Amino acid sequence: MILLISDLHLEEERPDITRAFLHFLQTRAPQAEALYILGDFFEVWIGDDAMTPFQRSIAQALRTLSERGTRIYLMHGNRDFMLGKHFCRAAGCELLADPTVVSLQGERTLLMHGDSLCTRDEGYMRLRRLLRNPLTLVILRNLPLATRQKLARKLRNESRTQTRMKASDIIDVTPEEVVRAMREHRARRLIHGHTHRPAIHALELDGQPAQRIVLGDWDRQGWALQIDEQGFNQAPFELA
Numbered sequence: 001m002i003l004l005i006s007d008l009h010l011e012e013e014r015p016d017i018t019r020a021f022l023h024f025l026q027t028r029a030p031q032a033e034a035l036y037i038l039g040d041f042f043e044v045w046i047g048d049d050a051m052t053p054f055q056r057s058i059a060q061a062l063r064t065l066s067e068r069g070t071r072i073y074l075m076h077g078n079r080d081f082m083l084g085k086h087f088c089r090a091a092g093c094e095l096l097a098d099p100t101v102v103s104l105q106g107e108r109t110l111l112m113h114g115d116s117l118c119t120r121d122e123g124y125m126r127l128r129r130l131l132r133n134p135l136t137l138v139i140l141r142n143l144p145l146a147t148r149q150k151l152a153r154k155l156r157n158e159s160r161t162q163t164r165m166k167a168s169d170i171i172d173v174t175p176e177e178v179v180r181a182m183r184e185h186r187a188r189r190l191i192h193g194h195t196h197r198p199a200i201h202a203l204e205l206d207g208q209p210a211q212r213i214v215l216g217d218w219d220r221q222g223w224a225l226q227i228d229e230q231g232f233n234q235a236p237f238e239l240a
């Protein structure tokens, strides 16, 4: 069995999500060969050197799962793209590039966070290119902690305001970009998060059937995609 989740947005202000995730790690995840976390695991991450006790406790919980035999893979999201090797070592997980191709049930499967597919949101795409630039990352990591905290709050507030103002199709994936990415990586299955619109979409790619699976976010309920001998099944569950 393999499990995939994304968009937990873990933060101390949402203890209900944290409790649900820890319960998930203790009960369901140990049965899995691998757990993939496809971005926005934390609501905000300003650097491994600024880990809080809360974030360290999450790392320890992941390490406990890893030591029980479940492989853990973590991908950057737009909220936590500064997660680094120090956290991954502490958590016993492997950091995946975005995008990454893996084999799931013998099928080439493209894994992404999903924000890079939202090309109609031109303002966000410009900001994304700036923030992911290697030079920008070096500068950000060397800013004083207080400055990084202030910048993170500013970006977070602006993101929430702009998301409320944008049309729904602007903040969703661009169909043409989905096809382009799948074609580039020679994958007929794509799994991503980011849009908070859990669904399984049937597609046609170069005359062949294809599939796009959107992972659900953890807010009013939790979501996990389970892959086993029964196939692919994504279902919500109560956070309580």
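Read the sequence shown against the UniProt record's numbering and you will find it ends at 240, with the numbers running on by one and no gaps. All residues carry an ideal CB built from backbone N, CA and C; glycine is no exception. Predicted model, so just to flag it, every value in this text is computed and none were measured.
Using C-beta distances below 6 Å, list every residue in its chain close to residue i, excluding the 5 sequence neighbours before and after it, in chain order.
i      : result
Leu96  : Tyr73, Met75
Gly216 : Pro198, Trp223
Ser146 : Looking at the sequence shown, residue 146 is not Ser but Ala. No residues qualify anywhere along the chain.
Asn78  : Asp115
Asn233 : Gln226
Ala20  : Gly222, Leu239
When we look at the beta-carbon of residue i and count the other beta-carbons within 10 Å, is it buried (16 or more) or exposed?
i           : result
His86       : exposed
Val173      : buried
Thr195      : buried
Gly39       : buried
Ala181      : buried
Thr109      : buried
Gly207      : exposed
residue 272 : One cannot answer for residue 272 here, as it falls past the ends of the chain, which runs 1 to 240.
Ala235      : exposed
Thr18       : buried
From this set, the options, which residue's C-alpha is nearest residue i's C-alpha?
i           : options                        : result
Leu22       : Ser57, Leu131, Asn233          : Ser57
Ala50       : Leu140, Arg212, Asn233         : Leu140
residue 243 : Tyr36, Cys88, Ser116           : Not covered by the structure: residue 243. The range shown for the chain is 1 to 240.
Arg189      : Pro175, Ala34, Ile213, Asn157  : Ile213
Ala29       : Asn233, Gln226, Gln234, Glu158 : Gln226
Leu62       : Val101, Leu35, Trp218, Leu155  : Leu35
Glu33       : Thr70, Asp7, Val138, Leu137    : Thr70
Met112      : Val102, Arg120, Gly84          : Val102
Asp121      : Thr64, Pro15, Asp7, Ser159     : Ser159
Asn142      : Asp48, Gln60, Gly123, Glu176   : Asp48
Ala210      : Pro175, Trp218, Asp219         : Pro175
Measure the alpha-carbon distance for residue i versus residue j and round it to whole angstroms.
i      : j      : result
Ile5   : Phe24  : 11 Å
Thr104 : Ala187 : Reading off the sequence, residue 104 comes out as Leu, not Thr. Going from the Cα of Leu104 to the Cα of Ala187 covers about 11 Å.
Val134 : Glu94  : The sequence given here has Pro at residue 134, not Val. Each residue's alpha carbon lies about 20 Å from the other.
Glu107 : Phe42  : 29 Å
Arg68  : Ala91  : 13 Å
Leu131 : Met125 : 10 Å
Gly231 : Phe237 : 19 Å
Thr201 : Pro144 : The residue asked about is misnamed: residue 201 is His in this sequence, not Thr. Spanning the two alpha carbons is a distance of roughly 44 Å.
Leu203 : Val44  : 33 Å
Arg118 : Glu11  : The sequence given here has Cys at residue 118, not Arg. Cα to Cα, Cys118 sits roughly 25 Å from Glu11.
Gln221 : Leu239 : 5 Å
Leu127 : Asp80  : 15 Å
Pro99  : Arg129 : 15 Å
Asp219 : Arg14  : 9 Å
List the DSSP bridge partners of residue i.
i      : result
Gly231 : Asp228
Val214 : His192, Ala199
Glu101 : Strictly speaking, residue 101 in this sequence is Val, with Glu absent from that position. Bridge partners of Val101: Leu110.
Leu4   : Tyr36, Leu225
For residue i, which residues from the same chain have a beta carbon less than 7 Å from its beta carbon, with the 5 sequence-adjacent residues on both sides left out?
i      : result
Gly114 : Val173, His192, Gly193, His194, Thr195
Ile46  : Met82, Arg148, Gln149, Ala152
Thr136 : Leu130
Go through its chain and collect everything with a Cβ distance to residue i's Cβ below 8 Å, but skip five positions before and after it.
i           : result
Ser66       : Ile72, Ala91, Gly92, Cys93
Asp228      : Met1, Ile2
residue 241 : With the chain running from 1 to 240 in the structure shown, residue 241 is simply not present.
Arg89       : none
Is the beta carbon of residue i within less than 7 Å of some heavy atom of the ligand SAH?
i      : result
Asn233 : No copy of the ligand SAH appears in this structure; indeed no ligand is present at all.
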